[in-house]
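At position 57 of the sequence shown (counting the first as 1) the number is 57 in UniProt numbering, and the numbers step up by one without a gap. Even for Gly, the Cβ is constructed at its ideal location relative to N, Cα and C. No experiment lies behind these values; they were computed from the predicted model shown. Okay, structure first, notes after.
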Amino acid sequence: WRCLDCIGRPSFCGECCRGAHLRQPFHRVETWNKTHYSPNWLWAAGVCIYLGHDGKPCP
1 WRCLDCIGRP SFCGECCRGA HLRQPFHRVE TWNKTHYSPN WLWAAGVCIY
51 LGHDGKPCP
C-alpha cells in the first residue's frame, strides 16, 4: 500500500495502512502488483466509516 496524499507518499502493509487512515478516509491509495502500483480503495484495506454511535460500529 502507498498513500498518494500523505506527506512523503509512505508505503504500508495493509494493517498499518488501515490504522493510519481510520481518520483520513478520503486519501487516495495504491497497491503494488509485482510490476507497478495500481489505484485501490481504502475499504479494501479495511477502512470503514461509521456514521452513528460516536464513530463506533452498531451494537
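Does residue i pass the burial test, meaning 16 or more other C-beta atoms within 10 Å, or should it be called exposed?
i, result
"residue 147", "The first residue shown for the chain is 1 and the last is 59, placing residue 147 beyond what the model contains."
"alanine 44", "exposed"
In the DSSP output, which residue or residues are listed as bridge partners for residue i?
i, result
"tyrosine 37", "Trp32"
"arginine 23", "Paired residues: none, contrary to the question."
"arginine 2", "Ser11, Glu30"
So, using beta-carbon positions, are residue i and residue j closer together than 8 Å?
i, j, result
"histidine 53", "leucine 42", "no"
"residue 93", "cysteine 13", "Since the first residue shown for the chain is 1 and the last is 59, residue 93 is missing from the structure and cannot be characterised."
Express the C-alpha separation of residue j and residue i in angstroms, rounding to a whole number.
i, j, result
"proline 59", "serine 11", "33 Å"
"isoleucine 49", "histidine 36", "29 Å"
"glycine 55", "leucine 22", "10 Å"
"serine 38", "cysteine 3", "11 Å"
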